[in-house]
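Reading through the structure tokens given below for one structure.
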Ligand SMILES: O=C(O)c1cc(=O)[nH]c(=O)n1[C@@H]1O[C@H](COP(=O)(O)O)[C@@H](O)[C@H]1O
């Protein structure tokens, strides 16, 4: 058995800050305390508050995952990475379905601007299932599609992926520890799934071999978000 499937993988929590107001997000991060090491800034807050907000979160001592899911022609993606790569961020997303050439240009830009930055290739969104793929004219199952995109990403030189917890085992079997695997679509037992379709609990995510889990609504929508963070961290460390 590969060591990636043992129950004692380390798996870290990333809090998705998909929150309307910057002040509320900052207050939440302060309440969550130093045991929360990672915050994800996505399209909602980046389009509203921009680069200064990224610096503000980094100044709080958090590692920043900037989730822009870049997907365009290779030159445009590379130029965007040269621009945001100068920010104090540790992770940045691009879409693997932008293709091999786009990923290669993205890596080249990342290497030139910020060699420490972890580029992550988004595979099949966790809000999608077999039916969503069929509507796009894609005949593969989500698992086969993710496996295909993972191999393409590896060929392009990528070392990090965003996928659902359901595909982690297959990716680990095919590629060992090559990829950092970041898995959204994680729900503590009893929490609302919302628009997420391929989900697991934090403990299950760690067990299958996720490197990081991304959790948003079950934390910032909780009555006591700091307690929700503590409870998910405890589940990951049990
Ligand atoms: O790239 C991502 O982070 C991402 C990829 C994916 O396939 N699914 C997905 O939900 N996400 C992000 O993960 C977060 C999940 O938030 P919650 O569903 O509220 O826990 C959101 O910020 C999404 O943008």
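Numbering (the working numbering), first residue to last: 4 to 241.
Ideal placement from N, C-alpha and C gives every residue a C-beta, glycine not left out.
Could you please give the first and the last residue of the uninterrupted alpha helix (DSSP H) stretch that includes residue i?
i, result
"residue 240", "228 to 240"
"residue 66", "Not the alpha helix (DSSP H): residue 66 falls in the beta strand (DSSP E), residues 66 to 73."
"residue 127", "That residue, residue 127, is in no alpha helix (DSSP H); it is neither H nor E in DSSP."
"residue 222", "220 to 223"
"residue 99", "Per DSSP, residue 99 belongs to no alpha helix (DSSP H) and is neither H nor E."
"residue 180", "Neither: residue 180 is in no alpha helix (DSSP H) and is coded neither H nor E."
"residue 117", "Here residue 117 belongs to no alpha helix (DSSP H), and DSSP marks it neither H nor E."
"residue 135", "133 to 138"
"residue 33", "25 to 35"
"residue 86", "77 to 87"
Tell me whether residue i, by its Cβ, gets closer than 6 Å to a heavy atom of ligand 1.
i, result
"residue 180", "no"
"residue 186", "no"
"residue 96", "yes"
"residue 196", "no"
"residue 199", "yes"
"residue 129", "yes"
"residue 220", "yes"
"residue 55", "no"
"residue 19", "yes"
Tell me, please, whether the CB atom of residue i is closer than 7 Å to any CB atom in chain D?
i, result
"residue 22", "Although the question refers to chain D, the structure presented lacks it and comprises just one protein chain."
Identify, in the order they occur along the chain, each residue of the same chain with its Cβ nearer than 6 Å to the Cβ of residue i, setting aside the five sequence neighbours on each side.
i, result
"residue 45", "21 and 70"
"residue 149", "126, 127, 166 and 170"
"residue 155", "103"
Write down the C-beta distance between residue i and residue j rounded to the nearest angstrom, noting that I regard them as a contact closer than 8 Å.
i, j, result
"residue 84", "residue 109", "6 Å"
"residue 133", "residue 144", "6 Å"
"residue 65", "residue 41", "6 Å"
"residue 186", "residue 162", "With 8 Å as the limit, residue 186 and residue 162 do not qualify as a contact, their Cβ atoms being about 16 Å apart."
Considering only DSSP beta bridges, list what residue i is partnered with.
i, result
"residue 41", "17 and 66"
"residue 173", "Partner(s): none; residue 173 has no beta bridge."
"residue 186", "216"
"residue 165", "125 and 185"
"residue 203", "189"
Residue i: beta carbon under 6 Å from a heavy atom of ligand 3?
i, result
"residue 58", "Ligand 3 is not among the ligands present in this structure, which contains only ligand 1."
Looking only at its own chain, which residues have a Cβ that is under 7 Å from the Cβ of residue i, when we skip the five neighbours before and after it?
i, result
"residue 130", "198, 199 and 200"
"residue 205", "189, 191, 216, 235, 238 and 239"
"residue 61", "67 and 91"
"residue 10", "Residue confidence for residue 10 is low, a pLDDT of 47 falling below 50, so the modelled location carries little weight; the figure read from the coordinates is stated next. Taken in chain order, the residues that qualify are 210."
"residue 196", "190 and 202"
Once the 5 residues before and after residue i are set aside, which same chain residues still bring their CB inside 8 Å of it?
i, result
"residue 7", "With a pLDDT of only 43 at residue 7, under 50, the local geometry of the prediction cannot be trusted, and no value is derived from it."
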